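Chemist: Here you go, one structure.
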Amino acid sequence: MENFKRTLITTALPYANGPIHIGHLAGVYVPADIYARYLRMKGEDVLLIGGSDEHGVPITLKAKNEGVTPQDIVDRYHNIIKKSFQDFGVSFDVYSRTTSETHYKTASDFFKTIYDKGGFIENESDQFYDEEAKQFLADRYITGTCPHCGNDGAYGDQCESCGTSLNANDLINPISVISGSVPTLKKTKHWYLPLDKHEPFLKKWILEDHKEWKSNVYGQCKSWLDQGLQARAVSRDLDWGVPLPINGADGKVLYVWFDAPIGYISATKELTPEWEKYWKDPETRLLHFIGKDNIVFHCIMFPAMLKAEGSFNLPDNVPANEFLNLEGDKISTSRNWAVWLHEYLEDFKGQEDSLRYSLCANAPETKDNDFTWKDFQSRNNNELVAILGNFVNRTMVLTQNYYKGKTPAMGTVVEDFDRESLAQIGEIVKKVQTSLDSFRFREAVKEMMTLARLGNKYLADTEPWKVIKTDEERVKTILFVSLQITANLSILMEPFLPFSALKLQAMLNLSGTNWDDLGRTDLLAPGHQINEPELLFAKIEDKEIQYQLDKLQATKTANQSAAKTVEPAKENITFDDFNKMDIRIGTIKSAEKVAKTKKLLKLEVDTGIDKRTVVSGIAEFFNPEDIVGKQVNILVNLAPRTIKGIESQGMILMAQNANDELVFIEPSKKIKPGSVVR
RNA sequence: GGCGAGGUAGCUCAGCUGGUUAGAGCGCGUGAUUCAUAAUCACGAGGUCGGCGGUUCAAGCCCGCCUCUCGCUACCA
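Here my numbering is used: the first residue of the first sequence is 2, the next is one more, and so on.
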């Protein structure tokens with residue numbers, strides 16, 4: 002590793018439209034906190050930066066739905082998030098937010114600097130505009146009929162019924178969410194960051210100079226760079242965000258992807274007047290802890306921004322994690338499929354470390370992982386309680402029983418096994434360090450546990466409870482060694498299990514230790530008085546786990562019944578409207594998959610009128626050979642459209658259920674092709 | 001379809017630039033033990049390293065094809 006004088010650690014800014022869940026923790030905050038604590042214990046100069054990301058359209062929408070201001074929304078979640086992080090022991094040096102004054106100033110200045118250097122390009126385009134509300138409409142602010150599934154409540158960026166992502170221009174009968182009026186297209190000007198111009202630099206910087214990055218990170222970057230970068234808009238028409246600090250940009254704010262990472266800088270500024278030292282001195286090491294959804298922003302876009310600005314360091318590493326699933330399903334804020342941190346802290350009071358341990362030991366470092374309550378329970382009961390807590394307790398209790406809590410002096414008889422056991426402490430410490438230095442937290446925490454295992458084995462092999470009957474001197478040595486292992490453990494576990502480490506240190510009457518003390522075999526001097534033992538970890542009972550599982554099951558049931566709700570009926574139409582559609586019974590004569598697509602089948606259909614080609618997006622549900630001969634409903638007078646180079650003449654009518662599964666609508670008995678459906 | 005990341009014991013994962021009988025933790029079985037929150041310690045069973053082919057004296061590791069999972073992306077009239 003290069004020699005850096007200090008380290009600046011940033012953690013992905015959680016979006017302030019919901020609380021923190023275990024996915025955030027396992028992917029970002031637990032590893033970042035462990036790393037920060039580790040460096041601090043080594044006496045290094047390190048800052049751990051966090052904050053809430055509070056701009057962007059989803060927040061304005063949520064505010065609108067609830068009839069409150071965006072500021073109300075972000076205040077609510079910022080406070081929940083901040084408190085839960087604090088209670089969970091994430092040791093932020095600062096936890097700020099992107100609605101702070103400092104941030105507005107920092108972000109505008111940042112934009113202005115690049116602007117003045119000519120680092121942006123300007124471009125005009127057509128966007129939907131609400132004449133009544135006199136504002137441009139973000140995609141999320143437009144609803145209409147989904148061109149795919151016909152759902153009336155589709156949003157301009159995505160149809161929540163069929164899940165397709167859309168462009169606002171695709172919507173049929175677009176309507177403004179704000180006023181209910183029909184929006185018009187209007188020209189608007191925006192500024193773009195020409196990522197393509199930074200591409201050569203990024204290619205060299207990542208693909209050649211940072212081959213040591215994690216394979217998932219490196220691969221993702223390579224994928225993006227190989228596809229070629231395009232200019233990306235840094236501004237948008239919205240009244241929630243950091244206003245563009247230039248003339249002629251009224252009603253325009255910084256796009257949230259642009260302002261959010263600058264939040265790291267703003268937060269540092271709020272923390273210390275020496276912030277520039279942490280951001281601009283090349284002897285500072287910059288690290289971004291993020292989840293995999295953020296790789297492109299932190300490896301491509303933010304570095305391009307920093308480079309365009311010109312005076313900042315670029316990240317030295319971006320240890321991104323994959324995703325954590327929950328009981329086999331994707332975690333989802335909107336579907337309430339999550340273990341919320343603030344709820345966990347309520348349900349498992351005083352057991353912060355149990356969750357920290359479980360999430361770290363099962364962190365999604367190389368691939369997506371699954372969190373199950375059963376695994377959580379078994380890690381707590383079989384590892385924290387049975388191995389770590391138990392060893393500590395055994396040592397403490399024996400010391401109390403035999404010596405009233407006074408550390409014995411090492412006896413005169415010292416065996417090789419004692420020396421070997423003590424020597425192994427240092428070996429284990431080294432391994433933990435190596436793992437932490439390379440961001441392998443799962444490996445590190447596992448190695449930390451081997452120190453407790455070593456302790457248990459030492460006791461089992463030396464059997465002081467037997468020896469006490471025959472050789473009291475020998476027992477002094479045994480407990481001396483056990484106590485030194487315990488003391489080392491209390492230091493080694495601190496980055497991972499800070500609450501329990503403090504508790505143990507208090508029990509041992511040990512304070513003022515740091516990482517360099519690890520490996521010492523005289524941490525507790527002979528005669529040193531230790532306190533009455535308490536249990537370090539509590540067992541988690543089956544009923545507590547069952548309670549959590551029931552809670553999740555309730556969510557699942559609620560989601561399913563929500564999915565069952567039927568789409569509301571569309572507006573009335575006249576018989577003439579209906580009559581315009583010419584629906585016939587046709588027979589599929591042949592079917593084949595359209596090359597290079599996942600969903601498309603090319604069908605030859607005998608409509609009775611003629612034989613024609615129809616392209617249909619049903620390949621995920623039917624094999625071509627299985628549907629030949631099937632009678633189908635076909636809309637024959639739909640204007641032809643070319644898809645993937647094939648002219649599609651008509652549309653096969655399908656029924657779609659809430660799971661998006663498609664089924665044919667067949668006549669109940671064979672009928673002549675060309676028969677009219679009405 | 002393209003790109004990226006994965007597919008190693010029941011579960012969660014290690015396996016460095018290819019080199020002798022493929023490892024760990026949990027779970028399971030047997031034994032030992034009682035200081036300890038029935039915790040601990042030892043031993044053991046269990047793997048065609050996703051599949052097929054190839055390169056090599058030698059492949060979990062390299063190459064080709066296929067397959068499954070996750071993500072990004074194109075396609076859905």
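Idealized CB from N, CA, C, for every residue including glycine. Keep in mind that this is a model prediction, so the values were computed, not measured.
Short check: CB of residue 442 to CB of residue 35, under 8 Å?
Modeler: Result yes, Cβ atoms of residue 442 and residue 35 sit closer than 8 Å.
Chemist: Could you check whether the region 88-105 touches the region 343-360, counting it as contact only if at least three pairs of C-beta atoms, one from each stretch, sit closer than 8 Å?
Modeler: Touching, per the Cβ criterion.
Chemist: Would you identify the three-state DSSP class for residue 650, choosing helix, strand or coil?
Modeler: DSSP places residue 650 in coil when its eight states are reduced to three.
Chemist: Since I believe residue 654 is in contact with residue 636 (beta carbons under 8 Å), could you give me their beta-carbon distance rounded to a whole number of angstroms?
Modeler: Between residue 654 and residue 636 the Cβ distance is about 6 Å, and since that is below 8 Å, they are a contact.
Chemist: Pick out whichever of 187, 4 and 120 has its Cα sitting closest to the Cα of residue 309.
Modeler: For residue 309, the nearest C-alpha among the options comes from 120.
Chemist: In angstroms, rounded to a whole number, what distance separates the CA positions of residue 251 and residue 301?
Modeler: Distance between the alpha carbons of residue 251 and residue 301 is about 29 Å.
Chemist: Going by the beta-carbon positions, is the gap between residue 279 and residue 9 smaller than 8 Å?
Modeler: Going by C-beta atoms, residue 279 is nearer than 8 Å to residue 9.
Chemist: Quick check: the Cα distance between residue 215 and residue 312, rounded to an integer number of angstroms?
Modeler: For residue 215 and residue 312, the distance between alpha carbons rounds to 27 Å.
Chemist: Could you please give the first and the last residue of the uninterrupted beta strand (DSSP E) stretch that includes residue 637?
Modeler: From DSSP, residue 637 is part of no beta strand (DSSP E); its letter is neither H nor E.
Chemist: With DSSP run on the structure shown, which of helix, strand or coil describes residue 369?
Modeler: Coil, per DSSP.
Chemist: Where residue 470 and residue 384 are concerned, what is the direct C-alpha to C-alpha distance, given to the nearest angstrom?
Modeler: In a straight line, the C-alpha of residue 470 is about 31 Å away from that of residue 384.
Chemist: What number of angstroms, rounded off, separates the C-alpha of residue 164 from the C-alpha of residue 629?
Modeler: For residue 164, the predicted model reports a pLDDT of 45, less than 50, meaning its position is unreliable and no value from the coordinates is stated.
Chemist: Reducing DSSP to helix, strand and coil, say where residue 397 ends up.
Modeler: Correct three-state label for residue 397: helix.
Chemist: Nearest-angstrom Cα distance between residue 522 and residue 533?
Modeler: Distance between the alpha carbons of residue 522 and residue 533 is about 22 Å.
Chemist: Less than 8 Å separating the beta-carbons of residue 390 and residue 538?
Modeler: The answer is yes: Cβ separation under 8 Å.
Chemist: Leaving out five residues on either side along the sequence, give the residues of the same chain with a beta carbon under 6 Å from the beta carbon of residue 663.
Modeler: Counting only Cβ-Cβ distances below 6 Å, and skipping sequence neighbours, we find 619, 622, 655 and 657.
Chemist: Just to check my reading of the structure: residue 592 and residue 625 have Cβ atoms closer than 8 Å, yes? What is that Cβ distance to the nearest angstrom?
Modeler: Rounded, the Cβ-Cβ distance is 4 Å, consistent with contact.
Chemist: Using the C-alpha atoms, what's the distance from residue 435 back to residue 377?
Modeler: Looking at the two C-alpha atoms, the distance is approximately 26 Å.
Chemist: Can you tell me whether residue 97 is helix, strand or coil according to DSSP?
Modeler: If DSSP states are grouped into helix, strand and coil, residue 97 belongs with the strands.
Chemist: Scan the region 279-343 and note each continuous alpha helix (DSSP H) run of 4 residues or more that stays entirely inside, going in chain order.
Modeler: The qualifying runs are 303-310.
Chemist: Can you list, in chain order, the residues of its chain whose CB lies under 8 Å from that of residue 269, leaving out five sequence neighbours each side?
Modeler: The answer, listed in chain order, is 9, 48, 50, 95, 276, 279 and 280.
Chemist: Does the separation of the CB atoms of residue 74 and residue 241 fall below 8 Å?
Modeler: Not in contact: residue 74 and residue 241 (Cβ atoms no closer than 8 Å).
Chemist: Give the secondary structure of residue 655 by DSSP, where H, G and I count as helix, E and B as strand, and everything else as coil.
Modeler: Residue 655: strand per DSSP, three-state reduction.
Chemist: In terms of residue numbering, what span does the beta strand (DSSP E) encompassing residue 680 cover?
Modeler: Look at the range of the chain in this structure, 2 to 679, and you will see that residue 680 is not part of it.
Chemist: Have a look at 428, 65 and 332 and flag the residue whose alpha-carbon is nearest the alpha-carbon of residue 520.
Modeler: Residue 428 is the option with its Cα nearest to residue 520.
Chemist: Among 327, 64 and 25, which one has its Cα closest to the Cα of residue 371?
Modeler: That would be 327, whose Cα lies nearest to the Cα of residue 371.
Chemist: Using the Cβ count rule (16 or more neighbours within 10 Å means buried), how would you classify residue 197?
Modeler: Per the 10 Å Cβ criterion, exposed.
Chemist: Give every residue of the same chain whose Cβ lies closer than 8 Å to the Cβ of residue 358, excluding the five residues on either side of it in the sequence, and list them in chain order.
Modeler: The answer, listed in chain order, is 380, 381, 384, 385, 446, 497 and 498.
Chemist: Buried or exposed for residue 397, going by 16 or more other Cβ atoms inside 10 Å?
Modeler: With 16 or more Cβ atoms within 10 Å of its Cβ, residue 397 is classed as buried.
Chemist: What's the call for residue 548, buried or exposed, on a 16-neighbour Cβ count within 10 Å?
Modeler: It counts as exposed.
Chemist: Indicate whether residue 457 and residue 388 have their beta-carbon atoms separated by less than 8 Å.
Modeler: Their beta carbons are under 8 Å apart, which means residue 457 touches residue 388 by this criterion.
Chemist: Quick one: Cα of residue 608 to Cα of residue 645, how far?
Modeler: About 23 Å.
Chemist: How many angstroms separate the CA atom of residue 18 from the CA atom of residue 247?
Modeler: C-alpha separation (whole angstroms): 29 Å.
Chemist: Among 487, 115 and 86, which has the Cα closest to the Cα of residue 451?
Modeler: Selected option, being the one with the closest Cα: 487.
Chemist: Using 8 Å as the threshold, is the C-beta distance between residue 633 and residue 589 below it?
Modeler: It is a contact, given that the beta carbons lie within the stated cut-off.
Chemist: Can you tell me where the beta strand (DSSP E) with residue 586 in it begins and where it stops?
Modeler: Here the beta strand (DSSP E) through residue 586 covers 584-594.
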